[in-house]
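Numbering (this note's numbering), first residue to last: 12 to 203.
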């Protein structure tokens, strides 16, 4: 493998028949010879119940916490995707690496910090933060094979698209950013 494809956005093509990835936008966070790790960005968890978060000391939020499905792998695991505000100055950015987490791309971080999770439950949570459950994973060479089979389009990461586009419009908006018409994408034989 010549180099990492991360960070980038993966946009599913119609021939990707796996229902977990139909019309999805995936943030590719990590890619190397061992495989790839990403998070689906446009799948909010739709539930009629409440999501319970166990923290010590306990927190009782005064608002519902939106949870996003990051992918079908290990749904019991969670991550927090957090983005800097476009107008953040260097003084506004947290100094603590645990507060920001692992950098994914310019202005986007991935964290597992319980303190950050607690902030999501507070009355004024960070505006550009998502609690993601599960992830999307590829074994060695699997993503490359899917790209070769035209299962995905690749795009640059855009924080505005990630945080300011409604999830039901994100796939179409991401395809249009590439200059393509989503209705013109043709299905070939299935992949996955």
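Every residue gets a Cβ at the ideal spot worked out from N, C-alpha and C, and that includes glycine.
On a predicted model such as this, the values are computed, not experimentally measured, just so you know.
Residue of the options minimising C-alpha distance to residue i
{"i": "residue 141", "options": "131, 148, 170 and 150", "result": "131"}
{"i": "residue 197", "options": "85, 25 and 20", "result": "25"}
{"i": "residue 137", "options": "44, 128 and 159", "result": "128"}
{"i": "residue 116", "options": "37, 170 and 145", "result": "170"}
{"i": "residue 43", "options": "34, 91 and 17", "result": "17"}
{"i": "residue 149", "options": "48, 22, 19 and 37", "result": "48"}
{"i": "residue 90", "options": "27, 40 and 159", "result": "40"}
{"i": "residue 20", "options": "172, 190 and 55", "result": "172"}
{"i": "residue 143", "options": "75, 174, 92 and 57", "result": "92"}
{"i": "residue 38", "options": "164, 97, 50 and 29", "result": "50"}
Integer-rounded CB distance, given that residue j should sit under 8 Å from residue i
{"i": "residue 147", "j": "residue 78", "result": "16 Å between Cβ atoms; not a contact."}
{"i": "residue 53", "j": "residue 178", "result": "4 Å"}
{"i": "residue 1", "j": "residue 185", "result": "No information on residue 1 is available, as it lies outside the stretch 12 to 203 that the chain covers here."}
{"i": "residue 88", "j": "residue 145", "result": "7 Å"}
Residue i burial status per 10 Å Cβ neighbour count (16 or more: buried)
{"i": "residue 139", "result": "buried"}
{"i": "residue 152", "result": "exposed"}
{"i": "residue 14", "result": "exposed"}
{"i": "residue 33", "result": "exposed"}
{"i": "residue 162", "result": "buried"}
{"i": "residue 168", "result": "buried"}
{"i": "residue 35", "result": "buried"}
{"i": "residue 133", "result": "exposed"}
{"i": "residue 135", "result": "exposed"}
{"i": "residue 157", "result": "buried"}
Opening and closing residue of the beta strand (DSSP E) in which residue i lies
{"i": "residue 24", "result": "That residue, residue 24, is in no beta strand (DSSP E); it is neither H nor E in DSSP."}
{"i": "residue 122", "result": "119–122"}
{"i": "residue 116", "result": "113–116"}
{"i": "residue 88", "result": "84–94"}
{"i": "residue 39", "result": "36–43"}
{"i": "residue 14", "result": "Looking at the DSSP string, residue 14 is not in any beta strand (DSSP E), and its letter there is neither H nor E."}
{"i": "residue 46", "result": "46–51"}
{"i": "residue 28", "result": "It is not in any beta strand (DSSP E) - residue 28 carries neither H nor E in the DSSP assignment."}
{"i": "residue 78", "result": "78–80"}
Any chain D beta carbon closer than 7 Å to residue i
{"i": "residue 92", "result": "Among the protein chains of the structure shown there is no chain D, as only one such chain exists."}
Query raised in the report: What are the start and end residues of each continuous beta strand (DSSP E) run of 3 or more residues lying completely inside the stretch 132–202, in chain order?
Result: Entirely contained in the stretch 132–202, the beta strand (DSSP E) runs reaching 3 residues are, in chain order, 140–149 and 163–166.
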